[in-house]
Ligand code: F6P
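In the numbering used here, the protein residues as written are 1 to 503.
Have a look at this one:
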């Protein structure tokens, strides 16, 4: 074990109450303001010693050089031999990658303008088909920013379960629906099957040329053309943009169409601002870096297996599921970038929900359970609703009170069931106003934080081989070409028994 890790493992961890008592300047010391976001890590156990220890590890792991390599377009995704150039989509990257992204954005914008001008006929509905990174990002954007003034009705369908598609079919008029097929690889079973069923629905709904209503978003344009989409309606993006990092590319098309190009550009600008902060700010005042240090304190020193994110804003209700893919698919790894087995825990299980709902469902465990779970609150100062201001006031007060209650606790030795141990950590992100720019900055913050965690642990956050085995086995099972274990064989036999449903 390196000496840097030895120092980290030996960190003294005073109680949160003591940290506040000893340092009147703690809030300011452990807060950062950037791009309309206020980050407060003062209710975590970070200390000056912890920061110094993590900074030493960052130096040993070459964080600054690796960050530079990321933005320079070096092949940081070592197992797949390619760059990770999502930054270029928002103007931060090599000259060549930024120019290529701008060109592809221009193509996307031109198609949006053509649709707005009626080139594809009447459009009221957008049926976006994709899964994982090809769905979660657009879904988050449209849900967060399109509540009041989306120009089209959007349905995002990901699951191969036909119920999901049927629900969208029931809402939409096929003659006024644009089908958007989003798949980086254009090989994903769920997406291609759903897209084929959507074509059939268009046909049965009286659309003469169903393929003419399809737009493809992909890094494999040839496959989309082969599948039947006209080249003029294929919006490519670079292979070096990973699926879970792709909402900035043409994968963001439904959001750009429904919310308007300006909105999409502001989103990119906000992300670019966070990227620049990440590249330029010293580690001790760098939001993604400090957040990663706090993450590592809990995963490595306190061995917390999970961390929870609660969005205290209905508009951000999809943020926890978006972050699950970003964090768990990126850093849920068992080997280092050079292929050695890791010797320390990697990504914590990321979970969460929406406040205040979650308070009445899962917070019991957070306050009194036996697991220590670092919590992250994400709230917005300006209300998203036009109701009596008491709604938003109560929402925010609940959010802040939960953080205080977790930290302060309340001793009750006489009644153990009513004893709150306290000293439970939380971080808070307070967004001034939820708008495209701040949402872009928030998402980019999470991306860069994942990157820092990966560098510190020496893993590659940009591949995802873990998802392949199950996919292969499902395909082989469909083709009848695999001998399964007795349990799986029995389940398959039961599910597909001819008598199923007769009872
Ligand atoms: O199975 C995981 C995954 O490869 C994700 O990484 C990706 O976001 C998703 O599937 C969808 O892939 P595609 O965009 O190629 O259809």
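Even glycine gets a Cβ: it sits at the ideal position worked out from N, Cα and C.
Assignment of beta-bridge partners to residue 40 by DSSP yields 31 and 428.
Residue 324 and residue 350 have their C-alpha atoms roughly 5 Å apart.
Relative to ligand 1, the beta carbon of residue 332 is positioned no closer than 6 Å to any heavy atom. Taking residue 240 as the centre and dropping the five residues before and after it, the same chain places the C-beta of 82, 83 and 85 closer than 6 Å to its C-beta, in chain order. For the set 231, 490, 38 and 64, the Cα lying nearest the Cα of residue 278 is the one of 64.
Between residue 128 and residue 36, the alpha-carbon positions lie close to 30 Å from each other. Between the alpha carbons of residue 493 and residue 177 lies a gap of roughly 39 Å. Judged by the Cβ position, residue 464 qualifies as a neighbour of ligand 1 at the 6 Å threshold, a heavy atom of the ligand being closer than this. Contact between residue 90 and residue 275 holds, with the beta-carbon distance rounding to 6 Å and staying under 8 Å. Remark: fewer than three beta-carbon pairs, one from each stretch, lie closer than 8 Å, so the stretch 143-152 and the stretch 197-207 are not flagged as touching. Partner residues in the beta bridge of residue 216, as assigned by DSSP, are 181 and 234. Of 135, 207, 437 and 264, the smallest CA-CA separation from residue 218 is found for 135. Around the beta carbon of residue 252, 16 or more other beta carbons lie within 10 angstroms, which makes this residue buried. About 24 Å separates the Cβ atoms of residue 243 and residue 437, ruling out a contact at the 8 Å cut-off. Taking each of 237, 76 and 346 in turn and checking the Cα distance to residue 301, the smallest one comes out for 346.
For the set 487, 334, 498 and 355, the Cα lying nearest the Cα of residue 465 is the one of 334.
In this structure, the straight-line span from the alpha carbon of residue 54 to that of residue 401 is close to 30 Å. Residue 158 has its Cβ no nearer than 6 Å to any heavy atom of ligand 1. Bridge partners of residue 311 according to DSSP: 354 and 378. In this chain, the beta strand (DSSP E) harbouring residue 127 covers 125-129. Comparing C-alpha distances from residue 57 to each of 319, 453, 121 and 137 shows the shortest one belongs to 453. The Cβ atoms of residue 294 and residue 352 do not sit closer than 7 Å to each other. Residue pairing by DSSP places residue 176 opposite no residue, since no beta bridge is assigned to it. Taking the C-beta atoms as reference points, residue 449 is found nearer than 7 Å to residue 291. For residue 157, the enclosing beta strand (DSSP E) begins and ends at 153-157. DSSP places residue 142 in the uninterrupted alpha helix (DSSP H) bounded by 136-145. The criterion of a C-beta distance shorter than 7 Å is satisfied by residue 190 and residue 160.
Boundaries of the alpha helix (DSSP H) harbouring residue 198: 189-204, taken from the DSSP string.
Under the 10 Å beta carbon count, residue 304 is surrounded by 16 or more other beta carbons and is classified as buried. Here residue 389 has 383 as same chain residues with Cβ atoms under 8 Å from its own Cβ, once five neighbours each way along the sequence are excluded.
When C-beta atoms of the stretch 308-321 are compared with those of the stretch 279-290, fewer than three pairs fall below 8 Å, so the two segments do not count as touching. Between the alpha carbons of residue 489 and residue 188 lies a distance of about 25 Å. Apart from the 5 residues on each side of it in sequence, residue 98 sits with its Cβ closer than 8 Å to the Cβ of 88, 91 and 92 in its chain, given in chain order.
Inter-residue distance for residue 398 and residue 362 is about 15 Å (C-alpha atoms, whole angstroms). Apart from the 5 residues on each side of it in sequence, residue 141 sits with its Cβ closer than 6 Å to the Cβ of 255 in its chain, given in chain order. Residue 160 is not bridged by DSSP to any residue.
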